[in-house]
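Peer 1:
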Amino acid sequence: MSTELTPVTYYLTTPLTDADVAKLNIGDRVFLSGIIYTGRDAAHRRLVELLDRGEELPMAVAGQVIYYVGPSPASPGRVIGAAGPTTAYRMDAYAPRLLAKGLKAMVGKGKRADEVREAMVKHKAVYLTATGGAGALLSKCIKKVEIIAYEDLGPEAVRRMEVKDMPTTVVNDVRGRDLYAVGREIYEIKA
Amino acid sequence: MKEISVTAIRNAVKDLSIKANRELGQDTLDAFVRYKEKETSPVGRDILDQLIENARIAREEGIPMCQDTGLSVIFVDLGQEVHLTGGDLSQAINDGVRDGYQEGYLRKSTCHPFTRKNIGDNTPAIIHLRLVPGDKVHLWVVPKGGGSENMSRLAMLPPSKGLAGAKELVIQTVKDAGPNPCPPMIVGVGIGGNFEVAPLLAKRALLRQVGERHPDPELAAIEEELLEKINNLGWGPQGLGGRTTALDVHLEMMPCHIASFPVAVNIQCHANRHLEVTF
């Protein structure tokens, strides 16, 4: 058994600086507040196409956070329905391009590709996970929602969200460590 | 002959689709609490706390517990002495799904497999109809998420692999799945039957309550052994490291062909939604 982690809790407000993310270690709890953006595969494809053509993105990504989410419909009186994270690997092909533009954090669930982890080290960024399936809990942290691009994509449109104390855990830090690998190593009991 | 109106079935499918997505069963909630007491990982305990809180918010505020409100899997045990009136059973079930997903603000998650265009109303439901003795209709509504279904597996093993080979397949499936099926999970295992029946056994195994052992002591012992081995993998809640990878393992078995050894593993995420009703 390896050494157990001793997670530290941080409250961070966007936009994030290099110093904000550099202090984070795998396993740390981060409560995010401020403006974050949403995007899934289809939106990412379009964002990267804009970069390919040398055009401006619908939002400035430097210092920002992108949340991988496809919410359920909002019932009357609510800003959004259940809003837990979706699986992140589908964004792996696009993420390094946005990291190069200064994106500081991605929030999703599941493992990232080596290229994405390397890009996080290179550009000083982190990958956070929100709890998959905790859609009601996460919904309560979202205070305002506004579609800013690609409305035709429905649940996959790019939204600007105002969040308050959204609970996440650091999976990949700027030192290239991966909680999915380290966590299992600590708690595995070999036969 | 006892008459049952398909309209009653339509209404039940609607109500149970909404309720199942908002109200996590007490069996799963109790398991969160039980496993949290044993969990040694601080990150793992935090995740289990979040899941307990998530279930409370979903129930009290009527928000789906997960944004993936699932494909609608419906099991029907139809008593052969029942006369269904008022229309077509499959149509009634699909109408109930459509009503429930619209009225309950549930996400519509069915699409064309090639174009990926959303069907728009979460139909068609996956319906498993079984004719049984008696004059009752028993119905289960099981909204099933995509992330955990994607990590499920069927193998037609050589019979020479034996029970040890079947156990190895179950463990390997969970090991390979890692964080993707949203652990802590419930693992349904179907052994025997044939190519289409083994997965159905695995899915039916998931209808059991968390913590409920198979009545056959031999199978119950295998369930317990698999549960321990899965939790020794170390994946933990959400795959972030810990002792709570699975809340339970349910196994169902039936005879198979002398040349075959089908083994199916159906993974259920912690949003363990299944409700039932009898008419």
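For the record, the sequence lines run as chains A and B.
Counting in this note's numbering, the final residue of the first sequence is number 191, and the numbers go up one at a time with none missing.
Counting in this note's numbering, the final residue of the second sequence is number 1279, and the numbers go up one at a time with none missing.
For glycine and all other residues, C-beta sits at the position ideal for the given N, C-alpha and C.
#1: Could you check whether A:R159 and A:I26 sit closer than 8 Å to each other, using their CB atoms as the reference points?
#2: For B:E1276, which residues in the same chain have their Cβ closer than 6 Å to its Cβ, ignoring the five residues on either side in sequence?
#3: Can you name the residues of chain A whose CB is closer than 8 Å to the CB of B:Y1105?
#4: To the nearest angstrom, how far is the alpha carbon of A:M106 from that of B:G1190?
#5: Run the CB neighbour count on B:A1264, radius 10 Å, all protein chains shown included, and call it buried at 16 or more, exposed below.
#6: Using DSSP bridges, identify the partner residues of B:G1079.
#7: Using a Cβ-Cβ distance cut-off of 8 Å, determine whether A:E188 contacts chain B.
#8: Taking the CB atoms as reference points, tell me whether B:G1147 and A:R184 lie closer together than 8 Å.
#9: Which of the three DSSP states, helix, strand or coil, is assigned to B:H1250?
#10: Along the segment 164-184 of chain A, where does the CB come closer than 8 Å to a CB of chain B? Name the residues.
#11: Who are the neighbours of B:P1113 on chain E, taking C-beta pairs under 7 Å?
#12: Evaluate contact between the segment 1052-1067 of chain B and the segment 1083-1102 of chain B, counting only Cβ atoms and requiring at least three cross-stretch pairs below 8 Å.
#13: Determine the burial state of A:Y67: buried for a count of at least 16 other Cβ atoms within 10 Å of its Cβ, exposed for fewer.
#14: Measuring CA to CA, which of B:T1115, B:H1112, B:G1062, B:L1206 is closest to A:A136?
#15: Let me know the alpha helix (DSSP H) ranges lying completely inside the segment 1157-1181 of chain B, each 4 residues or longer, listed in chain order.
#16: In chain A, what lies closer than 9 Å to B:A1164 by C-beta?
#17: Which residues of the segment 1041-1057 of chain B have a Cβ closer than 9 Å to any Cβ of chain A? Give them in chain order.
#18: A:M91 by DSSP, collapsed to three states: which one?
#19: So is B:E1223 in contact with chain A if we call contact Cβ pairs under 8 Å?
#20: Drop a sphere of 10 angstroms on the beta-carbon of B:S1160, count the other beta-carbons inside from all chains shown, and report buried for 16 or more, exposed for fewer.
#21: Give me the DSSP bridge partner(s) of A:E56.
#22: Might you give, ordered along the chain, the residues of its own chain that have their beta carbon closer than 7 Å to the beta carbon of B:P1181, omitting 5 neighbours on each side?
#23: Smallest Cα separation from B:A1205: which of B:D1176, B:T1040, B:N1272?
#24: Give the interface partners of A:G54 over in chain B, defined as CB-CB distance under 7 Å, in chain order.
#25: Counting C-beta neighbours from all protein chains within 10 Å, is the total for A:M1 16 or more, i.e. buried, or is it exposed?
#26: By the 10 Å Cβ neighbour count, where 16 or more other Cβ atoms means buried, how is B:F1114 classified, buried or exposed?
Peer 2: So, from the data block:
#1: no
#2: W1140
#3: S72, P73, A74, S75, G81
#4: 38 Å
#5: buried
#6: B:V1132
#7: yes
#8: no
#9: strand
#10: P167, T169, V171, L179, Y180, V182, G183, R184
#11: Protein chains in the displayed structure are A and B, and chain E is not among them.
#12: no
#13: buried
#14: B:G1062
#15: 1162-1177
#16: Within chain A, no residue comes near B:A1164; the closest Cβ sits about 13 Å away, beyond 9 Å.
#17: S1041, P1042, V1043, G1044, D1046, I1047, Q1050, L1051, E1053, N1054, A1055, R1056, I1057
#18: helix
#19: no
#20: exposed
#21: Answer is none; A:E56 lacks a bridge partner.
#22: G1147, S1148, M1151, I1267, C1269
#23: B:N1272
#24: Result: empty, since nearest Cβ-Cβ is about 29 Å, beyond 7 Å.
#25: Because the pLDDT at A:M1 is just 48, under 50, the model does not fix this residue reliably, and the value given afterwards should be weighed accordingly. Exposed: under 16 other Cβ atoms inside 10 Å.
#26: exposed
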